[in-house]
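Reading the sequence shown from the start, the letters are residues 30 to 123 in the numbering used here.
These notes concern the structure reproduced below.
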Amino acid sequence: MRNKNNLIAHELIGLDVEVVNCSDPYQIGIKGKVIYETKNLLLIKTKNKIIKLIKKNCVFKFHLQNEEVIVEGESIAYDPIKRTEKNIRRVKKW
């Protein structure tokens, strides 16, 4: 189950997200659902369109069932499969 302690080790597709800080001030406040993820990008579906956001340039607020989690884009700027595998291995070692 996703929570604030393990969010970056999980799939982000399907989560509601909001940009809370960004090097491009026009992207601050964008809200929507993550529909696709690459190493460097999140694709967000808003009410009207699909927006590409560069992960490293932004700080995101992900909305989980009972909590909100702030995530620096640099901490998720990895290939999604490698990021989740890397974090799963780290958890298993403990």
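Ideal Cβ placement from N, Cα and C applies to all residues, glycine included.
The beta strand (DSSP E) spanning residue i covers which residue range?
i            : result
histidine 92 : 87-92
leucine 70   : 70-74
Whose C-beta lies closer than 7 Å to the C-beta of residue i among residues of the same chain, with five residues either side of it excluded?
i             : result
asparagine 35 : none
isoleucine 42 : Val63, Ile64, Tyr65 and Glu66
serine 104    : Ile37
Would you report the Cα separation of residue i and residue j, rounded to the nearest angstrom?
i             : j             : result
leucine 44    : tyrosine 107  : 18 Å
asparagine 50 : leucine 82    : 12 Å
aspartate 53  : isoleucine 59 : 11 Å
So if DSSP puts residue i in a beta bridge, which residue, or which two residues, is it bridged to?
i          : result
glycine 61 : Val46
Leaving aside the five residues before and after residue i along the sequence, list all residues of the same chain whose C-beta is less than 6 Å from its C-beta, in chain order.
i           : result
glycine 102 : Lys84, Lys85 and Cys87
Among the residues of its own chain, which have a CB less than 8 Å from the CB of residue i, if the five just before and after it don't count?
i         : result
lysine 33 : Leu93, Glu96 and Val98
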